[in-house]
Amino acid sequence: DAGVTQSPTHLIKTRGQQVTLRCSPKSGHDTVSWYQQALGQGPQFIFQYYEEEERQRGNFPDRFSGHQFPNYSSELNVNALLLGDSALYLCASSGGQKGGYTFGSGTRLTVV
Amino acid sequence: AQSVTQLDSQVPVFEEAPVELRCNYSSSVSVYLFWYVQYPNQGLQLLLKYLSGSTLVKSINGFEAEFNKSQTSFHLRKPSVHISDTAEYFCAVTHSGGYQKVTFGTGTKLQVIP
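Chains as they are written, first to last, in our numbering: chain U, 1 to 112; chain V, 1001 to 1114.
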């Protein structure tokens, strides 16, 4: 049973560009959350998607947007990249059983 | 609002010695509590969780944590650590009502010394 799959694993972008990160949730999970983990920090909640709608959002600017597809997979889009957007972006899925999210291995984004 | 404080950023400990990683949380409502482990260049793995019931929860690899509501703590312990336990550990909290965002602490790096 595959866990959470994220792509790509690493990405280098130039300041001002746009990026799309992808996530496939664990089989049977219908909720996807995205987190940003800066170097040396704990993960920070970006937003959560359920039934193709954004259900909750953290303190991130509108440059961060997302989408969930009917098969529950999700995308995270970041526009007008800043150097400070360099981080590990983690996708987590959940469903059914309360508590505890399954995390993917993340996408390491470097903005130069 | 909820928050998590991990009091130690780094904890060095000798192999086979006991360890305690401290975690305190703040929330105005009932919570679920978690410990996640992160190995270098990897994502987060759920180590153990408290949802309800017994306040002492255990993982399959010898870690345990105790939920203390009066002290708003959820400290992680292991009686004898191994080299392979070297990793970063994150304490996390979420409200118990429905699917809520998970708030993480800043992490504690556990370094096991041979």
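By construction, the Cβ of each residue, glycine as well, lies at the ideal position given by its N, Cα and C atoms.
- If you check each beta-carbon in the region 1056 to 1071 of chain V against every beta-carbon of chain U, none falls closer than 7 Å.
- Setting aside the 5 residues that flank it on each side, Ile1083/V is surrounded in the same chain by Glu1015, Val1112, Pro1114, each with a C-beta closer than 7 Å to its C-beta; the list follows chain order.
- When C-beta atoms of the region 1015 to 1030 of chain V are compared with those of the region 44 to 61 of chain U, fewer than three pairs fall below 8 Å, so the two segments do not count as touching.
- At a C-beta separation below 8 Å, Lys1101/V has these neighbours in chain U: Ser33, Phe45, Gln48, Gln56, Gly58.
- Within the DSSP bridge table, the entry for Thr102/U names Ser93/U as partners.
- Using beta-carbon distances, Ser105/U counts as an interface residue toward chain V, with a partner under 8 Å.
- Within chain V, the residues placing a beta-carbon under 7 Å from that of Gly100/U are Phe1034, Leu1046, Lys1049, ordered along the chain.
- With 16 or more other Cβ atoms from the protein chains shown falling within 10 Å of its own Cβ, Ile46/U counts as buried.
- Residue-level contact by beta carbon holds for Gly1105/V and chain U, with a gap shorter than 8 Å.
- When C-alpha distances from Thr102/U are compared across Lys13/U, Pro25/U, Val112/U, Ser74/U, the shortest belongs to Pro25/U.
- Within the same chain, and ignoring the five residues on either side of Arg15/U in sequence, the residues whose Cβ sits closer than 8 Å to its Cβ are Leu81, Leu82, Leu83, Val111, Val112.
- Here the alpha carbon of Asn79/U sits roughly 16 Å from the alpha carbon of Trp34/U.
- Going by beta carbons, Ala1092/V and Val1081/V fall outside the 8 Å limit.
- Under the three-state reduction of DSSP, Ser1080/V is assigned to coil, being neither helix nor strand.
- For the beta strand (DSSP E) assignment, the uninterrupted runs of no fewer than 3 residues enclosed by the region 1024 to 1080 of chain V are, from N- to C-terminal side, 1024 to 1026, 1031 to 1038, 1044 to 1050, 1056 to 1058, 1064 to 1068, 1073 to 1078.
- Between Gln1111/V and chain U, the shortest Cβ-Cβ separation is not below 8 Å.
- About 4 Å separates the Cβ atoms of Ser1027/V and Gln1002/V, confirming a contact at the 8 Å cut-off.
- For Gln1042/V, the nearest CB of chain U lies under 8 Å from its own CB, placing it at the interface with that chain.
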